[in-house]
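S.K.: One line per chain: the protein sequences are L and Y, in this order.
Each residue of the first sequence is one higher than the last, beginning at 1 in my numbering.
Each residue of the second sequence is one higher than the last, beginning at 115 in my numbering.
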Amino acid sequence: AQKVTQAQTEISVVEKEDVTLDCVYETRDTTYYLFWYKQPPSGELVFLIRRNSFDEQNEISGRYSWNFQKSTSSFNFTITASQVVDSAVYFCALSDIDTDKLIFGTGTRLQVFP
Amino acid sequence: GAGVSQSPSNKVTEKGKDVELRCDPISGHTALYWYRQRLGQGLEFLIYFQGNSAPDKSGLPSDRFSAERTGESVSTLTIQRTQQEDSAVYLCASREVAGTYTDTQYFGPGTRLTVL
Numbered sequence: 001a002q003k004v005t006q007a008q009t010e011i012s013v014v015e016k017e018d019v020t021l022d023c024v025y026e027t028r029d030t031t032y033y034l035f036w037y038k039q040p041p042s043g044e045l046v047f048l049i050r051r052n053s054f055d056e057q058n059e060i061s062g063r064y065s066w067n068f069q070k071s072t073s074s075f076n077f078t079i080t081a082s083q084v085v086d087s088a089v090y091f092c093a094l095s096d097i098d099t100d101k102l103i104f105g106t107g108t109r110l111q112v113f114p
Numbered sequence: 115g116a117g118v119s120q121s122p123s124n125k126v127t128e129k130g131k132d133v134e135l136r137c138d139p140i141s142g143h144t145a146l147y148w149y150r151q152r153l154g155q156g157l158e159f160l161i162y163f164q165g166n167s168a169p170d171k172s173g174l175p176s177d178r179f180s181a182e183r184t185g186e187s188v189s190t191l192t193i194q195r196t197q198q199e200d201s202a203v204y205l206c207a208s209r210e211v212a213g214t215y216t217d218t219q220y221f222g223p224g225t226r227l228t229v230l
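1. Using the C-alpha atoms, what's the distance from residue 130 (chain Y) back to residue 229 (chain Y)?
2. Assess contact between the stretch 89-109 of chain L and the stretch 13-25 of chain L, defined as three or more Cβ pairs (one per stretch) separated by less than 8 Å. Is contact present?
3. Determine the burial state of residue 117 (chain Y): buried for a count of at least 16 other Cβ atoms within 10 Å of its Cβ, exposed for fewer.
4. Applying a beta-carbon distance threshold of less than 8 Å, which residues of chain L neighbour residue 126 (chain Y)?
5. Rounded to the nearest angstrom, how far is the Cβ of residue 174 (chain Y) from that of residue 161 (chain Y), given a contact under 8 Å?
6. Please list, in chain order, all residues of the same chain as residue 198 (chain Y) whose beta carbon is under 7 Å from its beta carbon, the five residues on each side excluded.
7. Show which residues of chain L have a CB atom less than 8 Å away from the CB atom of residue 155 (chain Y).
8. Kindly indicate which three-state DSSP category residue 3 (chain L) falls into: helix, strand or coil?
9. So what does residue 49 (chain L) bridge to, in DSSP terms?
10. Please report the straight-line C-alpha distance between residue 121 (chain Y) and residue 12 (chain L), rounded to a whole angstrom.
11. Just to confirm, is the Cβ distance from residue 192 (chain Y) to residue 180 (chain Y) under 8 Å?
12. Under three-state DSSP, which class holds residue 198 (chain Y)?
13. Checking 8 Å against the spacing of the C-beta atoms, do residue 156 (chain L) and residue 46 (chain L) come in under that value?
14. Given the structure, does residue 146 (chain Y) come close to the ligand SAH, in the sense that its CB is under 7 Å from one of the ligand's heavy atoms?
15. Alpha carbon to alpha carbon, how far is residue 206 (chain Y) from residue 222 (chain Y)? Give it in angstroms, no decimals.
16. For residue 157 (chain Y), which option in L:5, L:62, L:58 and L:14 has the closest C-alpha, if you only look at C-alpha atoms?
17. From the DSSP output, in three-state form, read off residue 225 (chain Y) for me.
18. Please list, in chain order, the residues of the stretch 187-203 of chain Y that have any C-beta partner in chain L closer than 8 Å.
19. May I ask you to list the residues that DSSP assigns as paired with residue 140 (chain Y)?
20. May I have the straight-line CA-CA distance separating residue 138 (chain Y) from residue 219 (chain Y), to the nearest angstrom?
21. Contact defined as beta carbons within less than 8 Å: I believe residue 136 (chain Y) pairs with residue 188 (chain Y). What is the distance between those atoms, to the nearest angstrom?
22. Could you please give me the residues that DSSP links to residue 60 (chain L) through a beta bridge?
23. Sort L:14, L:76, L:34 and L:94 by Cα distance to residue 8 (chain L) and report the nearest one.
24. One question on the structure: do residue 210 (chain Y) and residue 127 (chain Y) come within less than 8 Å of each other, judged by their Cβ atoms?
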């Protein structure tokens with residue numbers, strides 16, 4: 001069965017701190033996609049990244065970076081120099097290649113205080 | 115261009131009534147998904163449409179839930195005899211599937227359903 005675990009329910013940091021959101025997944029598929037979505041207080045889901053299971057290169061986009069480690073089935077997300085606008089619930093998700101049905105973790109609520 | 119739209123944005127109903135939720139996907143997106151998000155929880159997959167193939171209904175929680183899609187356009191999620199546990203935000207997503215190229219899913223703003 002496929003499963004995504006986000007063990008951190010809530011994280012609070014002060015602006016400019018770095019923060020890492022953990023994601024551990026389970027799947028029997030050899031090929032799959034991993035995702036991160038952001039859900040700000042307004043409620044819409046904002047796509048952040050999609051990573052193919054064959055591509056284990058880490059990725060950096062501005063203040064965001066992602067560390068994919070297949071050996072530990074983890075896909076962690078780091079925000080560098082956090083800002084108040086980063087406050088949101090962040091969801092990690094897993095999908096199979098064929099249908100792209102998303103299996104979501106329970107989310108991590110990040111609060112960034114000024 | 116226009117994103118995924120959903121209507122209504124909010125729906126309050128009484129227990130036992132039927133409700134219909136609408137999703138307009140991004141034009142040209144052949145794949146359409148419905149998810150449910152209960153308060154403080156992650157999203158649960160409900161149903162998936164892809165072109166003319168039979169829909170994947172494996173996530174529907176009970177036979178009170180059904181969904182239809184007209185061609186590659188609008189989809190309607192229907193909940194019959196609503197129960198209080200149906201209260202949630204219902205999110206629709208669409209995706210472009212063209213040959214071997216698959217884009218990511220783009221989500222609508224959701225419909226917040228409250229069953230009194």
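Where a beta carbon is used, it is the ideal one built from N, C-alpha and C, also for glycine.
On a predicted model such as this, the values are computed, not experimentally measured, just so you know.
M.R.: Once the coordinates are examined:
1. Walking along the second sequence from the start, residue 229 (chain Y) turns up at place 115. Walking along the second sequence from the start, residue 130 (chain Y) turns up at place 16. The alpha-carbon atoms of residue 229 (chain Y) and residue 130 (chain Y) are separated by roughly 9 Å.
2. Touching, yes, given that three or more Cβ pairs across the two stretches are closer than 8 Å.
3. On the second sequence, residue 117 (chain Y) is found 3 positions in, with the first residue counted as 1. Residue 117 (chain Y) is exposed by the Cβ-count criterion.
4. The sequence position of residue 126 (chain Y) within the second sequence is 12, counting from 1. Those do not exist, as residue 126 (chain Y) stays about 17 Å from chain L at its closest Cβ, beyond 8 Å.
5. Translated into positions along the second sequence, residue 174 (chain Y) becomes position 60. Translated into positions along the second sequence, residue 161 (chain Y) becomes position 47. Indeed they touch by this definition, with Cβ atoms about 6 Å apart.
6. Position 84 of the second sequence, counted from the first residue, corresponds to residue 198 (chain Y). Once the five neighbours on either side are set aside, the close Cβ partners of residue 198 (chain Y) are 129 and 229.
7. Your numbering for residue 155 (chain Y) matches position 41 in the second sequence. Within 8 Å Cβ-Cβ: 106 and 107.
8. As a first step, residue 3 (chain L) must be located in the first sequence, where it is residue number 3. The answer is strand: DSSP assigns residue 3 (chain L) an E or B state.
9. As a working mapping, residue 49 (chain L) is identified with position 49 in the first sequence. The partner list for residue 49 (chain L) (beta bridge, DSSP) reads L:36.
10. Looking up residue 121 (chain Y) in the second sequence gives position 7. Looking up residue 12 (chain L) in the first sequence gives position 12. A straight line joining the alpha-carbon of residue 121 (chain Y) with that of residue 12 (chain L) spans about 34 Å.
11. Translated into positions along the second sequence, residue 192 (chain Y) becomes position 78. Translated into positions along the second sequence, residue 180 (chain Y) becomes position 66. For residue 192 (chain Y) and residue 180 (chain Y), yes; Cβs fall inside 8 Å.
12. Residue 198 (chain Y) sits at position 84 when you count from the first residue of the second sequence. Assignment of residue 198 (chain Y) by DSSP, reduced to helix, strand and coil, places it in the helix class.
13. Summary: the structure shown does not reach residue 156 (chain L), with chain L confined to residues 1 through 114, and so no result is reported for it.
14. The model on display carries no ligand, and the ligand SAH is accordingly not part of it.
15. Numbered from 1 along the second sequence, position 108 holds the residue referred to as residue 222 (chain Y). Numbered from 1 along the second sequence, position 92 holds the residue referred to as residue 206 (chain Y). Going from the Cα of residue 222 (chain Y) to the Cα of residue 206 (chain Y) covers about 5 Å.
16. For the purposes of this step, residue 157 (chain Y) is taken as the residue at position 43 of the second sequence. Between residue 157 (chain Y) and the set L:5, L:62, L:58 and L:14, the nearest pair of CA atoms involves L:5.
17. In the second sequence, counting from the first residue as 1, residue 225 (chain Y) sits at position 111. Secondary structure of residue 225 (chain Y) (DSSP, three-state): strand.
18. So the close ones are 203.
19. Here residue 140 (chain Y) refers to the residue found at position 26 of the second sequence. In the DSSP output, where bridge partners are listed per residue, residue 140 (chain Y) has none listed.
20. What you label residue 138 (chain Y) is simply residue 24 of the second sequence in a count that begins at 1. What you label residue 219 (chain Y) is simply residue 105 of the second sequence in a count that begins at 1. Distance between residue 138 (chain Y) and residue 219 (chain Y), taken at the CA atoms: about 14 Å.
21. Here residue 136 (chain Y) refers to the residue found at position 22 when the second sequence is read from its first residue. Here residue 188 (chain Y) refers to the residue found at position 74 when the second sequence is read from its first residue. The C-beta separation of residue 136 (chain Y) from residue 188 (chain Y) comes to about 6 Å, placing the pair in contact by the 8 Å criterion.
22. Translated into positions along the first sequence, residue 60 (chain L) becomes position 60. DSSP, once it has assigned bridges, lists L:65 as partnering residue 60 (chain L).
23. Start at 1 with the first residue of the first sequence, and residue 8 (chain L) comes out as number 8. Ranking the options by Cα distance to residue 8 (chain L), first place goes to L:76.
24. Taking the second sequence and counting its residues from 1, one reaches residue 210 (chain Y) at position 96. Taking the second sequence and counting its residues from 1, one reaches residue 127 (chain Y) at position 13. Their beta carbons are not under 8 Å apart, which means residue 210 (chain Y) does not touch residue 127 (chain Y) by this criterion.
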